[in-house]
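>
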Amino acid sequence: MERFIQVLVDGIATGSIYAAMALALVLIFRSTGVVNFAQGEMAMFSTFVAWGLYEAGLPIGLAVLTTLALSFAAGMVIERVLIRHFEGGEVLTLVIVTLGLFILLNSLAGWIWGFGNRGFPSLFSEDAVDVGGVRLSVESLGIVAVLLGVVALLFLLFQRTKVGLAMRAAALNPHASALVGVRVGNMLMLGWGLAAALGALAGVLVAPRLFLDVNLMGAVLIYAFAAAALGGFDSAIGAVVGGWVIGVSENLAGTYVDFIGSDLKILVPLAIIFVVLLVRPSGLFGTREVARV
Amino acid sequence: MSPRVRTAVICALAAVAVAIPFLFGPYRVGQFTLVLVYAVAVLGLNLLVGYSGQISLGHGAFFALGAYTAALLIEKASVPHLLSVPAAGALCFAAGFLFGVPALRLHGLYLALVTLGLAIALPQLIKRFDGLTEGTQGMTVEQPAAPGWLGLEDDQFLYLLTLVVAALMFVLAWNMMRGQLGRAVKAVRDREMAAVTLGVDLAAVKTRMFAVSAGYAGVGGALYVFAIGFVAPEAFTLTVSFAFLAAIVVGGLATISGALFGALFIEFVPVYASDVNEALTGVIYGGVLIAFMWVLPGGAAGLPRRLRELAARRDRHRPEGPRGGELHEEDADRVAGAAGHAGAGAGGMRA
Amino acid sequence: MLAACGRDEDEGGADAGITEDSIKLGGSYPFSGPASAYRSIAVGARAHFDFVNANGGVDGRKIEFVTLDDAYEPPRAVQNARRLIQQEEVFALFNTLGTPNNIAIWDYVNEQEVPHVFVATGASSWGADVDAHPWTIGWQPDYVTESQVYADFLEEEKPNAKVAVLYQNDAFGEDLLNGFKEATQGTSIEIVAEESYEVTDPTVASQMSKLASSDADTFLNITTPKFSAQAIAADAKLGWDVLHILNNVGASKKLVLEPVGLENAQGIVSTSYFMDPEDPQWADDPAMTEYKDALERFEPRADPEDPFHVYGWAVANTMVEALEGMEEPTRDALMESIRNLDTEIPILLPGIEVKTSGTEDGYPIEAMQIMRFEGENWKLQDEVIQAPH
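Keeping their order, the protein sequence lines are chains A, B and C.
Letter 278 of the first sequence, counting from 1, is numbered 325 in my numbering, and no numbers are missing.
Letter 101 of the second sequence, counting from 1, is numbered 102 in my numbering, and no numbers are missing.
Letter 340 of the third sequence, counting from 1, is numbered 341 in my numbering, and no numbers are missing.
1) Per DSSP, what are the beta-bridge partners of Asp-177 (chain A) in this structure?
2) Please go through the same chain and pick out, in chain order, the residues whose beta-carbon is closer than 7 angstroms to the beta-carbon of Val-261 (chain A), but skip the five residues on each side of it.
3) DSSP state of Arg-324 (chain B), grouped into three classes?
4) Just mark Gly-90 (chain B) as buried or exposed, buried being the case when its beta carbon has 16 or more other beta carbons within 10 Å.
5) Assuming the contact rule is C-beta atoms closer than 8 angstroms, Glu-297 (chain C) and Thr-146 (chain C) should be a hit. Round their C-beta distance to whole Å, please.
6) Return the chain-ordered list of same chain residues with a C-beta closer than 7 angstroms to the C-beta of Ala-18 (chain B), the five sequence neighbours on each side being excluded.
7) According to DSSP, is Lys-63 (chain C) part of a helix, a strand, or is it coil?
8) Could you name each continuous alpha helix (DSSP H) segment of 4 residues or more that falls completely within the region 273 to 320 of chain B, going from the start of the chain to the end?
9) Quick one: what does DSSP say Val-128 (chain A) is sitting in, helix, strand or coil?
10) Out of curiosity, what's the CA-to-CA distance linking Val-79 (chain C) and Ala-113 (chain B)?
11) Between the Cα of His-117 (chain C) and the Cα atoms of C:Ser-148, C:Val-53, C:Met-336, which residue gives the shortest distance?
12) Should Ala-120 (chain B) and Leu-37 (chain B) be called a contact, given that it needs their Cβ atoms to be closer than 8 angstroms?
13) Are Val-96 (chain A) and Thr-114 (chain A) close, meaning C-beta to C-beta below 8 angstroms?
14) What's the gap between the Cα of Met-327 (chain C) and the Cα of Gly-27 (chain C)?
15) By the 8 angstroms beta-carbon criterion, what residues does the region 181 to 212 of chain A contribute toward chain C?
16) Residues of chain A with CB under 7 angstroms from Pro-135 (chain C), in chain order?
17) Please classify Gln-186 (chain C): is it buried, with 16 or more other beta-carbons within 10 angstroms of its beta-carbon, or exposed?
18) Comparing C-alpha positions only, which one of A:Ile-284, A:Met-234, A:Leu-314 sits nearest to Thr-201 (chain C)?
19) Expressed to the nearest angstrom, what Euclidean distance is found between the alpha-carbon atoms of Ala-249 (chain A) and Met-68 (chain A)?
20) By the DSSP assignment, the alpha helix (DSSP H) with Met-320 (chain C) in it spans what residues?
21) Using a Cβ-Cβ cut-off of 6 angstroms (strictly less than) and excluding sequence neighbours within five positions of Gly-136 (chain B), which residues of its own chain qualify?
22) DSSP three-state call for Ala-213 (chain C): helix, strand or coil?
23) Apply the 10 Å Cβ neighbour rule to Ile-11 (chain B) and answer buried if 16 or more other Cβ atoms are within range, or exposed otherwise.
24) Is there a Cβ of chain C sitting closer than 8 angstroms to that of Val-111 (chain A), yes or no?
25) Determine whether the beta carbon atoms of Leu-235 (chain A) and Glu-102 (chain A) lie at a separation below 8 angstroms.
26) Tell whether a beta-carbon distance below 8 angstroms holds between Val-251 (chain B) and Gly-300 (chain B).
27) Check this for me: beta carbons of Glu-279 (chain C) and Glu-306 (chain C), under 8 angstroms apart or not?
28) Roughly how many whole angstroms lie between the Cα atoms of Phe-51 (chain A) and Tyr-270 (chain A)?
29) When we look at the beta-carbon of Asn-56 (chain C) and count the other beta-carbons within 10 Å, is it buried (16 or more) or exposed?
30) Which residues in the same chain have their Cβ closer than 7 angstroms to the Cβ of Ala-204 (chain B), if we skip the five residues on either side of it in sequence?
31) Establish whether the CB of Thr-61 (chain A) and some CB of chain B are separated by less than 8 angstroms.
32) In this structure, how does DSSP classify Ala-121 (chain C) when only helix, strand and coil are distinguished?
33) What is the DSSP secondary structure of Ile-346 (chain C), reduced to helix, strand or coil?
34) Using C-beta distances below 8 angstroms, list every residue in its chain close to Ile-233 (chain C), excluding the 5 sequence neighbours before and after it, in chain order.
35) At a cut of 8 angstroms, does the region 208 to 215 of chain A reach the region 276 to 296 of chain A through at least three beta carbon pairs?
36) In angstroms, rounded to a whole number, what distance separates the CA positions of Val-251 (chain A) and Leu-141 (chain A)?
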């Protein structure tokens with residue numbers, strides 16, 4: 048039983064990483080209407096920047112904060128300089144642009160920092176605490192706590208601030224929003240900036256356990272995509288729930304179900320999603336598509 | 002393009018295509034053979050994504066399925082090479098149909114995800130059933146040899162054989178899109194609801210396109226085995242599916258000719274990128290991809306239209322919108338409007 | 002007309018790629034893609050060739066090393082092989098990386114009668130059937146040798162070991178696992194649990210969790226560096242206190258143990274066959290200083306502590322020895338030299354020989370030494386263990 052709880056909590060912790068990346072994907076999807084293939088590589092790149100700052104002598108906390116700020120700025124710049132050019136056009140064109148960005152960032156990171164494996168310091172201590180007789184790692188609990196904190200902050204931002212309101216309006220109905228004075232372009236930039244910062248956060252949270260190399264986020268992105276789809280691509284809560292479901296199911300299936308085997312365990316979350324989507328084609332929390340004839 | 006000009010262009014292309022194996026050495030000819038192989042697969046994906054408006058990130062899986070089918074038939078069942086091509090195509094057609102049935106409930110991103118799952122699952126299954134597929138060691142497959150009476154080298158023969166099959170597939174696609182299926186498909190893509198009210202059987206059209214697209218990938222896979230002579234799970238990773246997707250956009254969605262250009266792109270550009278600088282291969286390739294999309298968002302097949310657009314813009318000095326270049330702030334909301342429409346509650350990717 | 006020359010039936014004969022003052026070698030490596038960490042091998046090899054050239058080359062011939070990227074994809078390896086042989090007209094294919102890639106090309110390369118030498122993979126295929134592919138040969142101690150060494154070690158240390166195995170689900174992982182199974186047949190060593198992982202998996206946590214819940218008292222860790230680190234970290238976290246055997250590829254202090262934390266690496270057992278650039282006992286060894294100086298001079302951006310650079314250096318060194326042993330400047334002579342090697346490469350551990358013998362012995366290196374991690378470094382144990390086929 049103790050082991051089950053540990054596996055569960057570990058699954059929720061890994062799932063929180065997927066959730067953070069899924070949130071980033073959802074943020075961009077809601078504002079720009081496209082899935083950003085490069086989200087993972089942007090996060091990886093940011094994590095390397097944090098690593099570089101840490102190696103240069105900054106304490107890890109400061110390195111991470113600086114990186115978050117830099118990533119935010121970079122996300123805004125990428126939107127304004129690169130993505131803006133393609134908005135309003137064929138969606139697939141933009142998708143391919145993000146694919147190109149994926150390839151570019153992966154190679155650039157390797158060129159700058161090398162392709163080898165390295166460690167990344169954890170923001171949390173290495174200890175484990177006793178919770179009701181079960182030993183849980185501080186790191187796992189910390190990751191979950193950070194995610195919940197981020198979700199709370201995002202909730203506050205979107206529901207309780209004018210900027211958040213403007214961002215939601217811009218995503219929902221840009222024409223009308225522009226008419227009432229919302230600077231839609233700026234809202235797009237904000238969306239990308241936030242997503243980039245979220246990705247960076249996910250990266251620095253996961254790097255200590257996954258170890259840092261240029262392929263850090265490759266697999267994570269697929270799980271994040273799955274999490275976002277499971278939750279409904281336009282729902283933030285969905286992204287979080289989706290992430291947890293995937294993290295837990297992947298861990299549980301890998302640990303307990305024998306006939307699937309480790310080589311096919313990636314199919315478990317995908318199968319779950321397939322079934323969910325058959326029943327609810329817009330994901331668990333997504334807005335139902337209603338087509339007007 | 003007027004029919005006469007088009008015929009002339011096609012004849013010129015055909016002449017060049019046939020001349021290639023006699024103008025270049027075996028390495029180059031091998032590259033062009035692969036271009037033809039990819040073109041067939043890319044054409045299949047374009048039929049699905051460009052014409053039919055469905056998205057698939059799993060095209061590589063059907064390509065792999067076709068390749069392994071052909072490999073197994075040739076190596077383990079001693080089936081003659083030529084027969085393995087339609088066999089692979091047919092099997093993949095059936096698989097595509099089976100997959101298409103449940104997949105039709107899904108749209109856009111959700112369909113994308115499920116097809117992504119296919120692309121991920123297939124290498125795993127290949128490894129799992131290693132008794133049949135030789136798993137991670139891979140399988141060497143005898144390549145077709147030129148029959149003596151033709152007086153051709155093996156690589157020349159292989160190229161011409163691939164050219165014939167590819168040409169057939171292209172003509173087939175062109176015919177399909179001109180006919181009833183093509184009209185139904187385009188109607189579904191542009192105005193699904195209206196198409197239904199006009200009597201288009203949505204389910205049938207969608208599943209059929211999935212099947213056709215998979216069939217094309219299967220044929221491509223079989224031709225791939227001829228060209229490379231080896232199959233292994235490492236040859237069919239996600240990268241392949243993404244490359245095909247890039248190819249259709251680079252070539253031009255919903256165009257037949259675009260498939261050829263897209264195939265040329267994904268075969269040659271990575272090689273040139275690593276020639277320029279090994280250490281920066283990805284930077285160059287990614288950069289070229291982005292730059293290409295910047296200049297030609299409609300793909301290569303959209304070049305004539307793009308040139309006309311640019312000429313018109315110069316004449317009229319009007320901000321053209323996203324395809325014309327830089328946006329001004331007041332255009333941003335018009336732009337974001339289209340984007341927001343795609344994002345707000347629609348949950349779908351327009352493709 | 003120029004293009005028609007490309008179709009010339011000029012096979013190049015046995016002298017393609019070698020002139021009075023140059024030798025052209027060709028290599029296909031994963032400079033991009035999931036295996037890009039191995040590009041360091043090419044860098045190390047290049048440094049060695051540059052070093053040799055700076056000292057006069059091989060019998061006055063400068064070595065030109067043409068490297069192409071295959072992103073670890075067999076179709077690109079096939080195209081690279083064709084390009085290197087037909088367009089670049091290299092004298093020999095050197096150190097192509099990856100089991101599937103080499104299997105994809107070896108029929109073609111042998112048909113073309115081009116040396117396909119010192120391939121960078123530990124599969125045993127390259128030495129197993131010299132008659133079928135006489136132009137192909139491996140270099141590193143293959144996975145059969147390596148697993149034999151582990152089996153021998155276990156038989157001494159823990160004859161009734163119950164082993165849990167984590168392995169990468171590809172040719173590398175399967176080869177090592179199967180080699181170990183064969184080597185332990187007939188012994189009291191038992192494999193009680195096996196878990197595989199994919200190179201595309203984000204983490205091996207659940208596999209480790211499963212293995213730790215078995216009744217194994219020994220853990221055989223067949224992983225590549227990133228996953229080696231994850232496995233060791235998981236091991237420590239789970240508090241799974243068993244004998245930990247780590248395969249050679251995953252045993253780098255720099256890439257694996259330092260990231261995990263040296264305190265978690267105590268007591269881990271592995272094997273080695275070349276000098277560890279971080280081991281203080283070799284710091285003043287002339288082979289090590291030569292390597293580090295050359296790397297600094299010719300590849301200043303390279304990290305000398307990356308073990309793959311050392312690998313590349315060592316295999317290039319072997320190539321140079323083989324070239325120097327040629328009686329004539331022909332491909333046949335190169336193969337003759339390679340099939341009758343008997344030399345010692347300075348940066349390999351003392352006692353490790355590089356020896357081949359025609360069709361009888363197609364495995365250049367068949368020995369390794371056990372090492373155990375103690376304190377801050379790997380400590381070599383006992384003697385070099387010979388594990389011939």
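C-beta atoms are modelled at their ideal positions from N, C-alpha and C, and glycine is treated no differently.
Quantities reported herein were computed from a predicted structural model and do not represent experimental measurements.
Once the coordinates are examined:
1) In the first sequence, counting from the first residue as 1, residue 177 (chain A) sits at position 130. Beta-bridge pairing links Asp-177 (chain A) to A:Arg-182.
2) Along the first sequence, one-based indexing puts residue 261 (chain A) at 214. Cβ neighbours of Val-261 (chain A) beyond the five flanking positions: Met-91, Asn-153, Ala-156, Gly-157, Phe-162.
3) Position 323 of the second sequence, counting from 1, holds the residue named residue 324 (chain B). Model confidence at Arg-324 (chain B) stands at a pLDDT of 47, short of 50, so the residue's coordinates are unreliable and nothing is read from them.
4) For this step, residue 90 (chain B) is matched to residue 89 along the second sequence. With a threshold of 16 other beta carbon atoms within 10 Å, Gly-90 (chain B) meets it and is buried.
5) Numbered from 1 along the third sequence, position 296 holds the residue referred to as residue 297 (chain C). Numbered from 1 along the third sequence, position 145 holds the residue referred to as residue 146 (chain C). Incorrect: roughly 33 angstroms between the Cβ atoms, too far for contact.
6) Residue mapping note: residue 18 (chain B) aligns to position 17 of the second sequence, counting from 1. Counting only Cβ-Cβ distances below 7 angstroms, and skipping sequence neighbours, we find Leu-164.
7) As a position in the third sequence, residue 63 (chain C) is number 62, starting the count at 1. It is a strand residue.
8) 282 to 296, 304 to 317
9) Looking up residue 128 (chain A) in the first sequence gives position 81. Val-128 (chain A): helix per DSSP, three-state reduction.
10) Position 78 of the third sequence, counting from 1, holds the residue named residue 79 (chain C). Position 112 of the second sequence, counting from 1, holds the residue named residue 113 (chain B). Going by the C-alpha atoms only, they are around 31 angstroms apart.
11) Residue 117 (chain C) sits at position 116 when you count from the first residue of the third sequence. Nearest C-alpha to His-117 (chain C): C:Met-336.
12) Here the question's residue 120 (chain B) lines up with position 119 in the second sequence. Here the question's residue 37 (chain B) lines up with position 36 in the second sequence. Against a cut-off of 8 angstroms, the Cβ pair of Leu-37 (chain B) and Ala-120 (chain B) comes out as no contact.
13) As a position in the first sequence, residue 96 (chain A) is number 49, starting the count at 1. As a position in the first sequence, residue 114 (chain A) is number 67, starting the count at 1. Yes.
14) Counting from 1 along the third sequence, the entry for residue 327 (chain C) is found at position 326. Counting from 1 along the third sequence, the entry for residue 27 (chain C) is found at position 26. Straight-line Cα distance between these residues: approximately 18 angstroms.
15) Ser-184
16) By one-based count along the third sequence, residue 135 (chain C) stands at place 134. Scanning chain A for C-beta atoms nearer than 7 angstroms to the C-beta of Pro-135 (chain C) yields nothing, as the closest lies near 35 angstroms away.
17) If you number the third sequence from 1, residue 186 (chain C) lands on position 185. By the 10 Å Cβ count, Gln-186 (chain C) comes out exposed.
18) Locating residue 201 (chain C) in the third sequence gives position 200, counting from the first residue. The residue with the shortest Cα to Cα distance from Thr-201 (chain C) is A:Leu-314.
19) As a working mapping, residue 249 (chain A) is identified with position 202 in the first sequence. As a working mapping, residue 68 (chain A) is identified with position 21 in the first sequence. So the two alpha carbons sit approximately 6 angstroms from each other.
20) On the third sequence, position 319 is the one that residue 320 (chain C) refers to. Counted as a single uninterrupted DSSP element, the alpha helix (DSSP H) harbouring Met-320 (chain C) occupies residues 308 to 325.
21) The residue labelled residue 136 (chain B) in the question sits at position 135 within the second sequence. The answer, listed in chain order, is Lys-128.
22) Along the third sequence, read from residue 1 onward, the residue named residue 213 (chain C) stands at position 212. Helix, per DSSP.
23) Within the second sequence, numbered from 1, the residue matching residue 11 (chain B) stands at position 10. So Ile-11 (chain B) ends up on the exposed side.
24) To locate residue 111 (chain A), count along the first sequence from 1; it is residue 64. It does not: the Cβ of Val-111 (chain A) has no partner Cβ on chain C nearer than 8 angstroms.
25) Working through the first sequence from its first residue, we reach residue 235 (chain A) at position 188. Working through the first sequence from its first residue, we reach residue 102 (chain A) at position 55. Not a contact, by the Cβ cut-off of 8 angstroms.
26) Taking the second sequence and counting its residues from 1, the one referred to as residue 251 (chain B) is at position 250. Taking the second sequence and counting its residues from 1, the one referred to as residue 300 (chain B) is at position 299. Yes, Cβ-Cβ distance for Val-251 (chain B) and Gly-300 (chain B) is below 8 angstroms.
27) Numbered from its first residue, the third sequence carries residue 279 (chain C) at position 278. Numbered from its first residue, the third sequence carries residue 306 (chain C) at position 305. Contact flag set, yes.
28) The residue labelled residue 51 (chain A) in the question sits at position 4 within the first sequence. The residue labelled residue 270 (chain A) in the question sits at position 223 within the first sequence. Near 22 angstroms, if we compare the C-alpha coordinates of Tyr-270 (chain A) and Phe-51 (chain A).
29) On the third sequence, residue 56 (chain C) is found 55 positions in, with the first residue counted as 1. Asn-56 (chain C) is exposed by the Cβ-count criterion.
30) For the purposes of this step, residue 204 (chain B) is identified with residue 203 of the second sequence, where counting begins at 1. Around Ala-204 (chain B): Leu-105.
31) For this step, residue 61 (chain A) is matched to residue 14 along the first sequence. No, Thr-61 (chain A) does not count as interfacial toward chain B.
32) As a first step, residue 121 (chain C) must be located in the third sequence, where it is residue number 120. It is a strand residue.
33) What you label residue 346 (chain C) is simply residue 345 of the third sequence in a count that begins at 1. When secondary structure is reduced to three states using DSSP, Ile-346 (chain C) falls in the coil class, being assigned neither helix nor strand.
34) Residue mapping note: residue 233 (chain C) aligns to position 232 of the third sequence, counting from 1. Contacts found: Asn-222, His-245, Leu-247, Val-257, Leu-258, Val-261, Asn-265, Ala-266, Ile-269.
35) no
36) Indexing the first sequence from 1 puts residue 251 (chain A) at position 204. Indexing the first sequence from 1 puts residue 141 (chain A) at position 94. Distance between the alpha carbons of Val-251 (chain A) and Leu-141 (chain A): 27 angstroms.
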